[in-house]
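Have a look at the structure below, then the notes.
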Amino acid sequence: MVKTSWILARRFLGLAIVFFGVTFLIYFCVFALPGDPIRALAGDRPLSESTVNTLRARYHLDEPLLQQYLRYIGGLLQGDFGTNFSGRSVGEQMASRWPVTITLALTAWIIQIVIGVVLGLVSALREGTAVDKGILAVTVLASSVPVFVLGVSAQLVFGVKLAWFPVAGTTTGWPGSYLLPALVITAFGLAAISRLVRSSVLENLQADYVRTAWAKGLSDQRTVGVHVMRNSLIPTVTFLATDLGYLLGGTVIIEGIFNLPGVGNLLFQAIRAHEGPTVVGISTSLILIFLVTSVLVDAVHALLDPRVRLD
Amino acid sequence: MPFTHCSIRGCVLTDSFAQISASGLAGAPLRRNPWRVLLRRASFWIPAVVLALLAVIAVFPGLFAGLFGNGDPRVCDLGASGASPGDGHPFGQDLQGCDVFANVIYGAQASLSIGVLTTIIAVLVAIVVGTLAGLYGGALDWILSRVTDVFLGFPFLLGAVVLLNSIGDRSVLTISLVLALLGWGTMARIVRGSVRSVQGADFVDAARTMGLSTWRIVVRYILPNSLAPLLVIATIAVGATIVAESSLTYLGIGLRAPAISWGLQLASASGQFQNNPHLLIFPAAFLAVTVLSIITLGDTLRTALDPRRQN
Numbered sequence: 678m679v680k681t682s683w684i685l686a687r688r689f690l691g692l693a694i695v696f697f698g699v700t701f702l703i704y705f706c707v708f709a710l711p712g713d714p715i716r717a718l719a720g721d722r723p724l725s726e727s728t729v730n731t732l733r734a735r736y737h738l739d740e741p742l743l744q745q746y747l748r749y750i751g752g753l754l755q756g757d758f759g760t761n762f763s764g765r766s767v768g769e770q771m772a773s774r775w776p777v778t779i780t781l782a783l784t785a786w787i788i789q790i791v792i793g794v795v796l797g798l799v800s801a802l803r804e805g806t807a808v809d810k811g812i813l814a815v816t817v818l819a820s821s822v823p824v825f826v827l828g829v830s831a832q833l834v835f836g837v838k839l840a841w842f843p844v845a846g847t848t849t850g851w852p853g854s855y856l857l858p859a860l861v862i863t864a865f866g867l868a869a870i871s872r873l874v875r876s877s878v879l880e881n882l883q884a885d886y887v888r889t890a891w892a893k894g895l896s897d898q899r900t901v902g903v904h905v906m907r908n909s910l911i912p913t914v915t916f917l918a919t920d921l922g923y924l925l926g927g928t929v930i931i932e933g934i935f936n937l938p939g940v941g942n943l944l945f946q947a948i949r950a951h952e953g954p955t956v957v958g959i960s961t962s963l964i965l966i967f968l969v970t971s972v973l974v975d976a977v978h979a980l981l982d983p984r985v986r987l988d
Numbered sequence: 069m070p071f072t073h074c075s076i077r078g079c080v081l082t083d084s085f086a087q088i089s090a091s092g093l094a095g096a097p098l099r100r101n102p103w104r105v106l107l108r109r110a111s112f113w114i115p116a117v118v119l120a121l122l123a124v125i126a127v128f129p130g131l132f133a134g135l136f137g138n139g140d141p142r143v144c145d146l147g148a149s150g151a152s153p154g155d156g157h158p159f160g161q162d163l164q165g166c167d168v169f170a171n172v173i174y175g176a177q178a179s180l181s182i183g184v185l186t187t188i189i190a191v192l193v194a195i196v197v198g199t200l201a202g203l204y205g206g207a208l209d210w211i212l213s214r215v216t217d218v219f220l221g222f223p224f225l226l227g228a229v230v231l232l233n234s235i236g237d238r239s240v241l242t243i244s245l246v247l248a249l250l251g252w253g254t255m256a257r258i259v260r261g262s263v264r265s266v267q268g269a270d271f272v273d274a275a276r277t278m279g280l281s282t283w284r285i286v287v288r289y290i291l292p293n294s295l296a297p298l299l300v301i302a303t304i305a306v307g308a309t310i311v312a313e314s315s316l317t318y319l320g321i322g323l324r325a326p327a328i329s330w331g332l333q334l335a336s337a338s339g340q341f342q343n344n345p346h347l348l349i350f351p352a353a354f355l356a357v358t359v360l361s362i363i364t365l366g367d368t369l370r371t372a373l374d375p376r377r378q379n
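In order, the protein sequences belong to chains A and B.
Sequential numbering of the first sequence, starting at 678, is according to this note's numbering.
Sequential numbering of the second sequence, starting at 69, is according to this note's numbering.
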C-alpha cells in the first residue's frame, strides 16, 4: 500500500508540474503579445494617462507577471476563469461554447472508432490483399491532405452541390449540423487508428493462445471476436483516449469553415482581439481536459491489462 | 506496429512503439543489411524518387518553372484573372493572373524547407535532451522528463497559434523554430527510452571497461541504437510539419503574402473553390503527393528497420 500511494503521489506531482508549466508558458506568451489590450479597447480614441492607469490597475496589468499569474491560478481554484477586457466573464463565455466543441469532438470520435476499428480489422484479416492495400492507400491519402482543404471541398460537394448536409452553422442541431464537419475530422485521423488496429490484430493472430483457440475447434468468429479483439483493444483504447484530447483541441479550423460557434472559434477571435484572459481561459480548460484524459487512459489501461499496474 | 499519429493536432505516439523499438533494437542487431532489402521494395524507391525530384525542384525551381513558357511566378496578367488551365498555363492562372504552375514549383521551396528545418531542429534538441536524461538518470532525468511532459502537454495548434501570433516577423526560420519547439517532445522520449534500454547492455559495459570516454560510448554505441526509431519518426514528422504549416497559413499565422508557398496558395484558393477549383486542386495535389511519399517512406523504413520483422 505504501508503494502504491508513493506511485500515485509521484503521478500527481507530475501532473501538477505539467499543469503549472503549460499554463504559465501560455500566460507568459499571451501577455507578452505585441499590442496593448487597454489601448485596443479604446479603438482610435485617445485615452488619458489616468484612465489608462486606472484600467491597468483594475485588470492588475501593473503587477509583475508572476504575481498576475498566481492571482489567476488562485481565482481558478475557486472556479473563476477571470473576466476579459470587455467585462464579460470568461467562464460564461466558454460555457456556451464548450458544448458545441465537445459535441463535435465526440461525434468525430465515435465515427472514428466505428470506421477505424472495422477498417483495421478487415485489413488485418485480409492482410496483403487488394482490400488491405486499398484501405491503406485511401486512409493515408486522406491524412496527407490538409484538413482545411478537405473541409472546404466537402462543404462544397456535400453541402452546396449535393445538399446532403447543411452548409454551415448549427441551426439543424445534432446530428445534421455536426455530421459533415465530424466526418472531415475523422477522415484526417482514420489512417492512424486503422493502422493501429490492423497491426495489433495481426500481432495477436500469431499469438499462442489464438493457435490454441483454433486447435480447440473454436469458430473463427469466436476466436477473432473474443480472443483477438479483446487483446487488440488495449493499445487501441489507449490511443483513442489520447486522441479525444487532440480532437477537442484540434477543431479550430473545422469550426471556422463550418461556422460552428465552438471553443476553437472563440479562441481564434480572442487572439485576434487581444483578449488575453479568454485565450488563457480556453487554454487552461483544454489542458485540464488533457490531463484528466491522460489519468483516465492510465486507469483504463490498468483495467484492461493486468500486466500494467500504475508503474 | 502502432502507427504514429501526426497531424495539425500534433504527434501522438503510442507508448508501446517507443518501448518496443527501443528494447527490440537494443538487444538484437540487424542481421541482414536493411538498406539492401529496402532498395528492392517499390514502396521505398517510388517515394524516394518522387521526393528526390521534389528536392531538386525546391533547390532549383528556375529549372522547372519555365517548362511551359511562363516561368516567372511574379509576372502576372490581370486580364487573365482566374483563367482555367490552357495553352502555356497547364495549371491555369490565379486571381492576379499569375501562372499557377510556376507558383506551385516555386512554392515547394518554402514548404519543404519548413518541414525539413523543423524536423532537424527538433531532432537535435531531442537527441541532446533525451541522451542527457537517459544517460545520467536521477534528478536530471526527472527534471528533463517533466520539461518534456510540459511541451508534450502543450496542445500543438494552441501553442502554435499563440506563439506565432506573438512573433512579428514570420519567416521560414522563425516558423520552423516555433514548430520545432512544440514538436521535440515525442522524439526526446524515444531517445531517452533507447538510451536507457542499452545502458545495461553488455556491449556498453564492455566499452566502459575498456576505458572509453562517456562521449565516445554515447556517440559510437548508444546513439546508433536509437537511430532507427528516430529516423522513422523524423521522416513522418517532415510530412506532418508540411501539413501543419499549410493549416497555420490558412489561419493567417504562417508565411505572409510576398512569400510563395503551397500553404499560401491553398489558403487564398480555399475561398475560391466554387468558382476556380483549379487554384486549390493543383497545389493540394502537389502537397498531398509530397506528404504521401514521406509517410510511405517512413512506414517502409519502419518495417525494414524493425528487427522483429526480419525473418
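Ideal placement from N, C-alpha and C gives every residue a C-beta, glycine not left out.
The structure presented is a predicted model; accordingly, all values stated were derived computationally and were not measured.
Best match in A:Thr919, A:Phe967, A:Thr955, A:Val914 for proximity to Asp982 of chain A [C-alpha to C-alpha]: Numbered from 1 along the first sequence, position 305 holds the residue referred to as residue 982 of chain A. It is A:Val914.
Which listed residue (A:Tyr855, A:Asn936, A:Gly933, A:Val815) has its alpha carbon closest to that of Thr780 of chain A: Your numbering for residue 780 of chain A matches position 103 in the first sequence. Out of A:Tyr855, A:Asn936, A:Gly933, A:Val815, A:Tyr855 has the C-alpha closest to the C-alpha of Thr780 of chain A.
Beta-carbon proximity of Arg748 of chain A to Leu943 of chain A, cut-off 7 angstroms: Taking the first sequence and counting its residues from 1, one reaches residue 748 of chain A at position 71. Taking the first sequence and counting its residues from 1, one reaches residue 943 of chain A at position 266. No, the Cβ-Cβ distance between Arg748 of chain A and Leu943 of chain A is not below 7 angstroms.
Counted within 10 angstroms of its Cβ, other Cβ atoms place Val974 of chain A as buried (16 or more) or exposed: Taking the first sequence and counting its residues from 1, one reaches residue 974 of chain A at position 297. Buried: at least 16 other Cβ atoms inside 10 Å.
Three-pair Cβ contact test at 8 angstroms for the region 866 to 886 of chain A versus the region 827 to 839 of chain A: no
Buried versus exposed, by CB contacts within 10 Å (16 or more), Tyr886 of chain A: As a first step, residue 886 of chain A is located in the first sequence; it is residue number 209 there, counting from the start. Exposed is the call here.
Host alpha helix (DSSP H) of Ala120 of chain B (start-end): Indexing the second sequence from 1 puts residue 120 of chain B at position 52. Here the alpha helix (DSSP H) through Ala120 of chain B covers 110 to 127.
Beta carbon of Ile310 of chain B nearer than 7 angstroms to that of Ser179 of chain B: Here the question's residue 310 of chain B lines up with position 242 in the second sequence. Here the question's residue 179 of chain B lines up with position 111 in the second sequence. Yes, Cβ-Cβ distance for Ile310 of chain B and Ser179 of chain B is below 7 angstroms.
Near-chain A residues of the region 173 to 192 of chain B (beta-carbon distance less than 8 angstroms), N- to C-terminal order: none
His978 of chain A versus Arg907 of chain A - alpha carbon distance: Along the first sequence, one-based indexing puts residue 978 of chain A at 301. Along the first sequence, one-based indexing puts residue 907 of chain A at 230. Going by the C-alpha atoms only, they are around 12 angstroms apart.
Residue-level contact to chain A via CB, Ser89 of chain B, 7 angstroms cutoff: For the purposes of this step, residue 89 of chain B is identified with residue 21 of the second sequence, where counting begins at 1. Since pLDDT at Ser89 of chain B reaches only 42, below the 50 mark, its modelled position is unreliable, and no value is offered.
Whole runs of the alpha helix (DSSP H) within the region 208 to 274 of chain B, excluding any shorter than 4 residues: 224 to 234, 240 to 267
Inter-residue spacing [alpha-carbon to alpha-carbon] between Leu299 of chain B and Ser830 of chain A: Start at 1 with the first residue of the second sequence, and residue 299 of chain B comes out as number 231. Start at 1 with the first residue of the first sequence, and residue 830 of chain A comes out as number 153. Spanning the two alpha carbons is a distance of roughly 34 angstroms.
Cα-Cα separation between Phe916 of chain A and Asp270 of chain B, rounded to whole angstroms: Mapped onto the first sequence, residue 916 of chain A falls at position 239. Mapped onto the second sequence, residue 270 of chain B falls at position 202. For Phe916 of chain A and Asp270 of chain B, the distance between alpha carbons rounds to 34 angstroms.
Cutoff 7 angstroms: Phe758 of chain A Cβ touching any chain B Cβ: Translated into positions along the first sequence, residue 758 of chain A becomes position 81. Chain B, which has no Cβ nearer than 7 angstroms to the Cβ of Phe758 of chain A, makes this no.
Length of the line joining the Cα atoms of Asp237 of chain B and Leu231 of chain B: As a first step, residue 237 of chain B must be located in the second sequence, where it is residue number 169. As a first step, residue 231 of chain B must be located in the second sequence, where it is residue number 163. Their backbone Cα atoms lie some 12 angstroms apart in a straight line.
Residue-level contact to chain B via CB, Leu963 of chain A, 7 angstroms cutoff: On the first sequence, position 286 is the one that residue 963 of chain A refers to. Leu963 of chain A counts as touching chain B.
Within chain A, partners of Gly261 of chain B - CB distance below 7 angstroms: Looking up residue 261 of chain B in the second sequence gives position 193. What Gly261 of chain B touches in chain A: nothing, since even the nearest Cβ is about 15 angstroms away.
Among B:Gly183, B:Gly205, B:Ala207, B:Leu212, the one whose alpha carbon lies nearest that of Val193 of chain B: The sequence position of residue 193 of chain B within the second sequence is 125, counting from 1. That would be B:Leu212, whose Cα lies nearest to the Cα of Val193 of chain B.
Proximity below 7 angstroms, CB of Ile966 of chain A to CB of Thr863 of chain A: Within the first sequence, residue 966 of chain A is the residue found at index 289, counting from 1. Within the first sequence, residue 863 of chain A is the residue found at index 186, counting from 1. Contact: no.
Chain A within 7 angstroms of Phe341 of chain B, Cβ atoms only: Along the second sequence, one-based indexing puts residue 341 of chain B at 273. Closer than 7 angstroms to some Cβ of chain A, the Cβ of Phe341 of chain B qualifies, so yes.
DSSP three-state assignment for Gln340 of chain B, whether helix, strand or coil: Walking along the second sequence from the start, residue 340 of chain B turns up at place 272. Reduced to three states, the DSSP call for Gln340 of chain B is coil.
Neighbour list for Ala352 of chain B in chain A, Cβ cutoff strictly below 8 angstroms: The count along the second sequence starts at 1 and reaches residue 352 of chain B at position 284. Correct list: Val822, Pro823, Val826.
Val1031 of chain A - containing alpha helix (DSSP H), residue span: There is simply no residue 1031 of chain A to check, as chain A begins at 678 and stops at 988 in what is shown.
Inter-residue spacing [alpha-carbon to alpha-carbon] between Glu313 of chain B and Gly331 of chain B: For the purposes of this step, residue 313 of chain B is identified with residue 245 of the second sequence, where counting begins at 1. For the purposes of this step, residue 331 of chain B is identified with residue 263 of the second sequence, where counting begins at 1. Near 7 angstroms, if we compare the C-alpha coordinates of Gly331 of chain B and Glu313 of chain B.
Contacts around Asn730 of chain A, its chain only, beta-carbon distance under 8 angstroms, and the 5 residues preceding and following it disregarded: For the purposes of this step, residue 730 of chain A is taken as the residue at position 53 of the first sequence. Contacts found: Asp739.
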